[in-house]
Amino acid sequence: MKLNIQDTFNKELPADPIATNSIRQVEKACFSFVTPTKTANPKVLHVSPEMAENLGISIEDTQTEFFKNIVTGNEIIPNTHPYAMCYGGHQFGNWAGQLGDGRAINLTEVVHNNQRWAIQLKGAGKTPYSRTADGLAVLRSSVREYLCSEAMFHLGVPTTRALSLSLSGDQVLRDVLYNGNPAYEKGAIVSRVAPSFLRFGNYQIFASRQDHESLKTLVDYTIKHFYTNLGSPSKETYLQFFQEVSSRSLDMVLHWQRVGFVHGVMNTDNMSILGLTIDYGPYGWLEGYDYGWTPNTTDAQNKRYRYGKQPEMVLWNLYQLANALYPLIEEAAGLEAILENYRTQYDEKYLDMMRSKIGLFTEIEDDATLIQELEENLHLTETDMTIFFRNLSQFEKENPDNGSLIIQDAFYESLEQLPEIIQTWNNWFHRYSTRLAFEKETNVERAQKMNLVNPKYVLRNYMSQLAIDAADKEDYSLIDELFQLLKNPYMDQPESKKWFAKRPDWARNKVGCSMLSCSS
Ligand code: AMP
Ligand code: MG
Numbered sequence: 191m192k193l194n195i196q197d198t199f200n201k202e203l204p205a206d207p208i209a210t211n212s213i214r215q216v217e218k219a220c221f222s223f224v225t226p227t228k229t230a231n232p233k234v235l236h237v238s239p240e241m242a243e244n245l246g247i248s249i250e251d252t253q254t255e256f257f258k259n260i261v262t263g264n265e266i267i268p269n270t271h272p273y274a275m276c277y278g279g280h281q282f283g284n285w286a287g288q289l290g291d292g293r294a295i296n297l298t299e300v301v302h303n304n305q306r307w308a309i310q311l312k313g314a315g316k317t318p319y320s321r322t323a324d325g326l327a328v329l330r331s332s333v334r335e336y337l338c339s340e341a342m343f344h345l346g347v348p349t350t351r352a353l354s355l356s357l358s359g360d361q362v363l364r365d366v367l368y369n370g371n372p373a374y375e376k377g378a379i380v381s382r383v384a385p386s387f388l389r390f391g392n393y394q395i396f397a398s399r400q401d402h403e404s405l406k407t408l409v410d411y412t413i414k415h416f417y418t419n420l421g422s423p424s425k426e427t428y429l430q431f432f433q434e435v436s437s438r439s440l441d442m443v444l445h446w447q448r449v450g451f452v453h454g455v456m457n458t459d460n461m462s463i464l465g466l467t468i469d470y471g472p473y474g475w476l477e478g479y480d481y482g483w484t485p486n487t488t489d490a491q492n493k494r495y496r497y498g499k500q501p502e503m504v505l506w507n508l509y510q511l512a513n514a515l516y517p518l519i520e521e522a523a524g525l526e527a528i529l530e531n532y533r534t535q536y537d538e539k540y541l542d543m544m545r546s547k548i549g550l551f552t553e554i555e556d557d558a559t560l561i562q563e564l565e566e567n568l569h570l571t572e573t574d575m576t577i578f579f580r581n582l583s584q585f586e587k588e589n590p591d592n593g594s595l596i597i598q599d600a601f602y603e604s605l606e607q608l609p610e611i612i613q614t615w616n617n618w619f620h621r622y623s624t625r626l627a628f629e630k631e632t633n634v635e636r637a638q639k640m641n642l643v644n645p646k647y648v649l650r651n652y653m654s655q656l657a658i659d660a661a662d663k664e665d666y667s668l669i670d671e672l673f674q675l676l677k678n679p680y681m682d683q684p685e686s687k688k689w690f691a692k693r694p695d696w697a698r699n700k701v702g703c704s705m706l707s708c709s710s
């Protein structure tokens with residue numbers, strides 16, 4: 191395995207002078223050198239061939255002892271110096287001080303085909319930032335991150351990626367429901383990959399400590415390597431940088447809304463500076479379309495991070511980033527203008543995105559109303575988001591009365607008892623049909639276009655859970671089946687009919703399928 195190592199992070203940024211894994215507060219440094227913890231009996235369960243190729247790693251390489259040892263932290267790539275990053279964050283609205291990579295260890299950065307990638311192990315042992323926790327990860331949360339991050343990539347959603355999923359061979363104690371019933375689970379490690387894992391919190395920590403020198407060094411580094419089009423550091427450049435981060439974060443959350451992804455923990459330490467979906471924890475996929483839904487049990491009371499609130503939460507997080515960058519700019523007006531623009535920008539882009547989901551490719555003023563009514567209808571009774579939008583592509587503009595037949599598979603209840611709901615839908619389909627008359631596409635052409643934005647297969651919560659339950663019994667076939675399925679989420683895969691179906695009833699209230707805790 192020959193990697194083109196170009197580790198700029200630990201060459202250009204201030205390091206913690208102490209190079210041990212002992213838990214501590216780290217100041218005036220972006221990271222600490224650490225050593226991954228060796229594991230009892232590592233075993234690679236799955237590798238993403240696409241990601242390996244991106245890194246210049248051949249399939250044969252991924253089958254070696256060396257690869258296994260690297261991706262489980264049992265061996266260090268020669269001439270590299272693994273490190274954990276220092277960051278802070280607002281958790282559920284409150285400033286939480288230093289957090290940092292408590293169980294993530296960056297191995298190194300490599301450049302392949304002109305793309306820089308940081309490779310990170312999640313669950314490879316304690317770091318200075320582990321606080322009171324163990325630095326480890328369990329199989330269930332690792333399967334979820336591994337499958338979902340690659341699935342999101344194939345859906346066209348900006349995201350960190352995954353290279354491998356492995357068992358550590360160690361047992362890890364977790365209290366899944368936080369109800370005083372800890373039990374041992376299988377330890378696991380995901381090797382994940384992104385151009386950078388920097389988060390809003392990496393900048394916030396320096397601003398909170400009034401360490402403006404380190405703040406500037408880190409912002410300049412970020413612009414130099416990841417926002418290369420912005421030019422040399424200046425107040426103007428910093429503002430443009432903030433504008434770019436804002437736009438990318440907006441695009442990210444717009445994609446989440448499009449595919450029905452709910453992140454679950456949109457704390458500022460989980461907001462990538464590159465606008466990537468990062469840190470897959472108690473995330474979930476909408477089954478019934480519901481603005482109020484969150485998968486995260488920790489957030490069940492306030493539902494701060496519920497589906498309908500995600501775009502607003504990105505904005506809240508951008509406010510925190512703006513505060514952190516302010517010392518470098520010292521003028522609020524520019525930052526405020528960008529923040530104030532976010533809502534307008536979002537509303538415009540959201541409308542366009544929703545138009546594309548229902549096959550409108552021109553703009554008419556009333557579209558917003560049509561879409562708003564659609565969203566209201568989707569809330570009338572539990573209506574499966576994925577099935578609804580996918581089946582909507584079969585609508586024929588000449589046959590509005592067939593509308594409710596086309597979408598009936600999306601309903602969780604039998605609608606025979608609910609004639610008013612059918613009537614409401616029929617009314618909407620008539621308006622939709624009238625609106626479609628302004629579009630030039632034939633029914634077939636419209637369906638083809640709609641099927642490129644409305645996925646047929648998403649990683650429903652119960653699907654991951656089935657893969658996890660099987661993996662727990664050493665059957666890893668479902669991990670691979672779902673991995674392969676989700677490589678082509680927009681393509682009809684007739685042999686996989688069972689995955690284009692509503693959540694089964696047994697999964698409605700099952701742990702891991704409906705709600706998840708942060709325990710991972
Ligand atoms: P999260 O909620 O997963 O984004 O994590 C918030 C913070 O807790 C981050 O600093 C994580 O690195 C840290 N953390 C989460 N789980 C663990 C763990 N098992 N061991 C050490 N640190 C952890
Ligand atoms: Mg996190």
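For the sequence shown, this note's numbering gives the first residue as 191, with consecutive numbering after it.
Where a beta carbon is used, it is the ideal one built from N, C-alpha and C, also for glycine.
These figures come from a predicted structure and were not determined experimentally.
(1) Taking 7 Å as the cut-off, is the C-beta of L326 nearer than that to any heavy atom in the ligand AMP?
(2) Residues around the ligand MG, please: the ones whose beta-carbon is closer than 5 Å to some heavy atom of it, in chain order.
(3) So, for A294: in the same chain, excluding its five sequence neighbours on each side, which residues have a beta-carbon less than 6 Å away from its beta-carbon?
(4) Relative to the C-alpha of K547, which candidate in L582, L464, G370 and A308 has its C-alpha closest?
(5) If you follow the alpha helix (DSSP H) that I208 is part of, which residue opens it and which one closes it?
(6) Please name the residue in F387, A314, D360 and E217 whose C-alpha comes closest to that of T350.
(7) Just verifying my parser: in three-state terms, what is the DSSP assignment at V409?
(8) Taking only the alpha-carbon atoms, compute the straight-line gap between Y495 and S654 and give it to the nearest angstrom.
(9) How close, in whole Å, do the beta carbons of T711 and F628 come, if the pair is a contact with beta carbons under 8 Å?
(10) Looking at the structure shown, is H236 part of a helix, part of a strand, or coil, going by DSSP?
(11) Quick check: does the Cβ of N398 come within less than 7 Å of any heavy atom belonging to the ligand AMP?
(12) Rank V452, L508 and I612 by C-alpha distance to the C-alpha of Q598 and give the top, closest one.
(13) To the nearest angstrom, how far is the alpha carbon of P239 from that of T467?
(14) Closer than 7 Å to a non-hydrogen atom of the ligand AMP - does that hold for the CB of A308?
(15) Ordered along the chain, which non-local residues of its own chain (more than five positions away) have a Cβ less than 7 Å from that of N592?
(16) Please determine whether the Cβ atom of Y495 lies at a distance below 7 Å from any heavy atom of the ligand AMP.
(17) With a threshold of 6 Å on Cβ separation, who are the neighbours of G524 within its own chain once the five nearest residues in sequence on each side are excluded?
(18) What residues are listed by DSSP as bridge partners for W285?
(19) Is the number of C-beta pairs between the region 389-401 and the region 506-518 that are closer than 8 Å three or more?
(20) Confirm the yes/no value for this check: CB of C703, any heavy atom of the ligand AMP, distance under 7 Å.
(21) For E477, which residues from the same chain have a beta carbon less than 6 Å from its beta carbon, with the 5 sequence-adjacent residues on both sides left out?
(22) With burial defined as no fewer than 16 other Cβ atoms inside 10 Å of the residue's Cβ, what is the status of P207: buried or exposed?
(23) Would a C-beta distance cut-off of 8 Å place G465 and R448 closer than the cut-off?
(24) The alpha helix (DSSP H) with Q655 in it runs from where to where?
(25) Going by beta carbon distance, what residues of the same chain come within less than 8 Å of Q196, once the five residues before and after it are set aside?
(26) How would you label E664, buried or exposed, when you count the other beta carbons within 10 angstroms and need 16 or more for buried?
(27) Report the three-state DSSP secondary structure of H271 (helix, strand or coil).
(28) Please confirm whether any heavy atom of the ligand MN lies closer than 7 Å to the CB of R321.
(29) Let's test the definition: count the other Cβ atoms within 10 Å of the Cβ of G283 and tell me whether it reaches 16, buried, or not, exposed.
(30) Just checking my contact of L608 with T571 at CB under 8 Å: how many whole Å lie between their CB atoms?
(31) In the DSSP output, what is L311 paired with across the bridge?
Judging by the given coordinates:
(1) Looking up residue 326 in the sequence shown gives position 136. It does: the Cβ of L326 is within 7 Å (strictly closer) of some heavy atom of the ligand AMP.
(2) The set of residues with any CB-heavy atom separation to the ligand MG below 5 Å comprises, in chain order, N460 and D469.
(3) Walking along the sequence shown from the start, residue 294 turns up at place 104. Taken in chain order, the residues that qualify are Q310 and K312.
(4) Mapped onto the sequence shown, residue 547 falls at position 357. The candidate whose alpha carbon is nearest that of K547 is L582.
(5) For the purposes of this step, residue 208 is identified with residue 18 of the sequence shown, where counting begins at 1. Premise fails: I208 is in no alpha helix (DSSP H) and is neither H nor E.
(6) Indexing the sequence shown from 1 puts residue 350 at position 160. Looking at F387, A314, D360 and E217, the one whose alpha-carbon comes closest to that of T350 is F387.
(7) As a first step, residue 409 must be located in the sequence shown, where it is residue number 219. Per DSSP, reduced to three states, the secondary structure at V409 is helical.
(8) Residue mapping note: residue 495 aligns to position 305 of the sequence shown, counting from 1. Residue mapping note: residue 654 aligns to position 464 of the sequence shown, counting from 1. Taking the CA atoms as reference points, Y495 sits about 21 Å from S654.
(9) Given a span of 191 to 710 for the chain in the structure shown, any question on residue 711 remains unanswerable.
(10) Translated into positions along the sequence shown, residue 236 becomes position 46. Three-state result, H236: strand.
(11) For the purposes of this step, residue 398 is taken as the residue at position 208 of the sequence shown. Reading off the sequence shown, one finds Ser at residue 398, where the question assumed Asn. Result no, Cβ not under 7 Å from the ligand AMP.
(12) Position 408 of the sequence shown, counting from 1, holds the residue named residue 598. When the alpha-carbon of Q598 is set against those of V452, L508 and I612, the nearest one is in I612.
(13) Working through the sequence shown from its first residue, we reach residue 239 at position 49. Working through the sequence shown from its first residue, we reach residue 467 at position 277. Cα to Cα, the separation comes out at about 21 Å.
(14) Taking the first residue of the sequence shown as 1, we reach residue 308 at position 118. Relative to the non-hydrogen atoms of the ligand AMP, the Cβ of A308 never comes closer than 7 Å to any of them.
(15) As a first step, residue 592 must be located in the sequence shown, where it is residue number 402. Within the same chain, N592 has close Cβ partners E586.
(16) To locate residue 495, count along the sequence shown from 1; it is residue 305. Between the ligand AMP and the CB of Y495, the shortest heavy atom gap is not smaller than 7 Å.
(17) Taking the first residue of the sequence shown as 1, we reach residue 524 at position 334. In its chain, beyond the 5 residues on either side, L429 have a beta carbon closer than 6 Å to the beta carbon of G524.
(18) Working through the sequence shown from its first residue, we reach residue 285 at position 95. W285 is bridged by DSSP to H280.
(19) Judged by Cβ distances under 8 Å, the region 389-401 makes contact with the region 506-518, as three or more pairs qualify.
(20) Taking the first residue of the sequence shown as 1, we reach residue 703 at position 513. Not so, every heavy atom of the ligand AMP lies at least 7 Å from the Cβ.
(21) By 1-based counting over the sequence shown, the position of residue 477 is 287. Within the same chain, Cβ atoms closer than 6 Å to the Cβ of E477 are found at D574 and R693, the five residues on either side in sequence being excluded.
(22) As a position in the sequence shown, residue 207 is number 17, starting the count at 1. So P207 ends up on the exposed side.
(23) For the purposes of this step, residue 465 is identified with residue 275 of the sequence shown, where counting begins at 1. For the purposes of this step, residue 448 is identified with residue 258 of the sequence shown, where counting begins at 1. It is not a contact, given that the beta carbons lie outside the stated cut-off.
(24) As a first step, residue 655 is located in the sequence shown; it is residue number 465 there, counting from the start. In the DSSP assignment, Q655 falls within the alpha helix (DSSP H) that extends over N651 to D662.
(25) As a first step, residue 196 must be located in the sequence shown, where it is residue number 6. The beta carbon of Q196 is closer than 8 Å to those of E299, V300, V301 and R306 in its chain, skipping five residues each way along the sequence.
(26) Along the sequence shown, one-based indexing puts residue 664 at 474. Burial call: exposed.
(27) Taking the sequence shown and counting its residues from 1, the one referred to as residue 271 is at position 81. If DSSP states are grouped into helix, strand and coil, H271 belongs with coil.
(28) Only the ligand AMP and the ligand MG can be found as ligands here, which leaves the ligand MN out of the picture.
(29) Translated into the one-based positions of the sequence shown, residue 283 becomes position 93. G283 should be labelled exposed.
(30) As a first step, residue 608 is located in the sequence shown; it is residue number 418 there, counting from the start. As a first step, residue 571 is located in the sequence shown; it is residue number 381 there, counting from the start. Between T571 and L608 the Cβ distance is about 6 Å, and since that is below 8 Å, they are a contact.
(31) Sequence index remark: in the sequence shown, residue 311 carries index 121 (1-based). Per DSSP, I295 and S381.
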